[in-house]
Amino acid sequence: MREVFRTLTSLGFSEYEARAYCALLDHAPANGYKVAQLSGVPRAKIYETLERLMARGAAVRVETADRGARLYAPTDPRELIRRMERENQRACEEALQALLRYHGDPKVVEVLWRVTSQGDLVERGRALAREARETLHVALWDREFEELLPDLLEAADRGLRMALVLYGPHKGIRKLQDKGVGAVRHGRAKRQAVPLMGRQFVLVADRERCITGSIFEDGRVEGVFTLNRGLVTNAVDLVNHEIYLERIMLECGPPVRERFGRDLGRLDAFDSPLGE
5 MREVFRTLTS LGFSEYEARA YCALLDHAPA NGYKVAQLSG VPRAKIYETL
55 ERLMARGAAV RVETADRGAR LYAPTDPREL IRRMERENQR ACEEALQALL
105 RYHGDPKVVE VLWRVTSQGD LVERGRALAR EARETLHVAL WDREFEELLP
155 DLLEAADRGL RMALVLYGPH KGIRKLQDKG VGAVRHGRAK RQAVPLMGRQ
205 FVLVADRERC ITGSIFEDGR VEGVFTLNRG LVTNAVDLVN HEIYLERIML
255 ECGPPVRERF GRDLGRLDAF DSPLGE
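For the sequence shown, the numbering used here gives the first residue as 5, with consecutive numbering after it.
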């Protein structure tokens, strides 16, 4: 019961409202005296509390045959929560539009939110995938891909354009490809870099919001969530570059592998370019 009260108060119910609503769920229809008796709400406050429940759509007054006694019944919890979701979404949208009208280009201080656990990295990535409206750019390993796959599939069903590179094998990539997603598996040996670079994780939503980090072999996680335009565009470029290179290797791979090795092991970024 305490958990139910805590949940309702987190949604904006007062303690009296939460107690009265639960009492109605247990025994309805009921008059004010009965609700006060079951809930522990003082009798002097019960009708005021019931009126507030009706105002927020959590209770209704039940007409009796003699139109005498005032009886109350609870709104079905599923309908109540659905209504609150709609109202909160509408309120958030109206607030956003009002804020943008107030100052279309706010001078917000740039902040980087540190991410220090694999669970937080994945949950923030899942949230970005669910919130994205138009595009997703994703680069990640098979272990994290497994956890994000349901959200990525749902995003594809919403019609989002998605560019994804997967490090390591996973059958789920085919499900994304079947939905028209630009998803490729990294064909070269990336695992040799994991001891130094960790398992990389990059997810960018709508070219506006980005989470990027690495999960190291000793369990440490170092990452950031940011809206910084420079970091966001660099993350998008990383994903695009990985995908372009994989597609080029699929089409023109043999001479490249012959020159630089099967996994491009003889290619060194510090070497002087050929011909110079």
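Each residue gets a CB set at the ideal place from its N, CA and C atoms; glycine is no exception.
It should be emphasised that the depicted structure is a prediction, and the values quoted were computed from it without experimental measurement.
For residue i, the three-state DSSP class (helix, strand or coil)
{"i": "Phe17", "result": "coil"}
{"i": "Met88", "result": "helix"}
{"i": "Arg213", "result": "strand"}
{"i": "Ser43", "result": "helix"}
{"i": "Arg165", "result": "strand"}
{"i": "Ala22", "result": "helix"}
{"i": "Phe264", "result": "helix"}
{"i": "Leu104", "result": "helix"}
{"i": "Phe9", "result": "helix"}
{"i": "Glu255", "result": "helix"}
{"i": "His141", "result": "strand"}
{"i": "Val198", "result": "helix"}
{"i": "Asp275", "result": "coil"}
{"i": "Glu83", "result": "helix"}
{"i": "Ala136", "result": "coil"}
{"i": "Leu283", "result": "Because the chain spans 5 through 280 in this model, residue 283 falls outside it and cannot be assessed."}
{"i": "Pro78", "result": "strand"}
{"i": "Ala32", "result": "coil"}
{"i": "Glu250", "result": "helix"}
{"i": "Glu151", "result": "helix"}
{"i": "Gly234", "result": "helix"}
{"i": "Gly186", "result": "strand"}
{"i": "Arg203", "result": "strand"}
{"i": "Glu3", "result": "In the structure as shown, the chain begins at 5 and stops at 280. Residue 3 is therefore absent and cannot be evaluated."}
{"i": "Gly129", "result": "helix"}
{"i": "Gly61", "result": "coil"}
{"i": "Gly172", "result": "coil"}
Where residue i falls, given that 16 or more other Cβ within 10 Å makes a residue buried
{"i": "Pro78", "result": "buried"}
{"i": "Arg82", "result": "exposed"}
{"i": "Glu21", "result": "buried"}
{"i": "Arg134", "result": "exposed"}
{"i": "Ile219", "result": "buried"}
{"i": "Gly191", "result": "exposed"}
{"i": "Leu103", "result": "exposed"}
{"i": "Phe229", "result": "buried"}
{"i": "Leu152", "result": "buried"}
{"i": "Gly36", "result": "buried"}
{"i": "Thr216", "result": "buried"}
{"i": "Leu125", "result": "buried"}
{"i": "Leu116", "result": "exposed"}
{"i": "Asp80", "result": "exposed"}
{"i": "Ala73", "result": "exposed"}
Own chain residues within Cβ distance below 8 Å of residue i, not counting five before or after
{"i": "Lys183", "result": "Leu157, Ala160 and Asp161"}
{"i": "Val198", "result": "Glu221"}
{"i": "Phe264", "result": "Arg270 and Leu271"}
Within-8 Å CB hit, residue i to chain D
{"i": "Arg47", "result": "Protein chain content of the structure displayed is limited to a single chain, and chain D is not contained in it."}
Cβ-based neighbour list, residue i, same chain, cut-off 7 Å, excluding 5 preceding and 5 following
{"i": "Ala136", "result": "Ala159, Leu164, Ala209 and Asp210"}
{"i": "Asp155", "result": "Arg130, Ala133 and Arg134"}
{"i": "Met201", "result": "Ser218"}
{"i": "Met253", "result": "Gly191 and Val260"}
{"i": "His31", "result": "Lys38 and Leu42"}
Close Cβ partners of residue i (< 6 Å) along its chain, the five nearest in sequence each way excluded
{"i": "Ala187", "result": "Leu168, Ile177, Leu180 and Gln181"}
{"i": "Ala142", "result": "Here residue 142 turns out to be Val, not Ala, going by the sequence shown. Answer for Val142: Leu168 and Leu207, listed in chain order."}
{"i": "Gly16", "result": "none"}
{"i": "Arg47", "result": "Ala40"}
{"i": "Glu138", "result": "Asp210"}
{"i": "Arg251", "result": "none"}
Contact belief for residue i with residue j at Cβ below 8 Å, rounded distance in angstroms
{"i": "Arg213", "j": "Leu231", "result": "6 Å"}
{"i": "Val66", "j": "Tyr51", "result": "Their Cβ separation, rounded to whole angstroms, is 15 Å, which puts Val66 and Tyr51 out of contact at 8 Å."}
{"i": "Arg45", "j": "Ala24", "result": "Note that residue 45 is Val in the sequence shown, not Arg. Confirmed, about 6 Å."}
{"i": "Leu84", "j": "Ala62", "result": "6 Å"}
message: Taking 8 Å as the cut-off, does the stretch 43-63 touch the stretch 94-107 (at least 3 CB pairs, one atom from each stretch)?
response: By the Cβ criterion, the stretch 94-107 is not in contact with the stretch 43-63, since fewer than three pairs of Cβ atoms, one from each stretch, lie closer than 8 Å.
- prompt: Contact between the stretch 203-215 and the stretch 122-141: three or more CB pairs below 8 Å?
  reply: The stretch 203-215 makes contact with the stretch 122-141: 3 or more CB pairs, one atom from each, lie closer than 8 Å.
message: Taking contact to mean 3 or more Cβ pairs, one atom from each stretch, closer than 8 Å, check whether the stretch 239-258 and the stretch 169-176 are in contact.
response: The stretch 239-258 is in contact with the stretch 169-176.
- prompt: Three or more C-beta pairs closer than 8 Å, one from the stretch 172-180 and one from the stretch 140-154: is that the case here?
  reply: yes
- prompt: How about the stretch 33-49 and the stretch 7-14: do they share at least three Cβ pairs that are nearer than 8 Å?
  reply: Touching, no, given that fewer than three Cβ pairs across the two stretches are closer than 8 Å.
- prompt: Within the chosen definition, does the stretch 114-123 reach the stretch 222-234 through at least 3 CB pairs nearer than 8 Å?
  reply: Cβ pair count under 8 Å is three or more, so yes.
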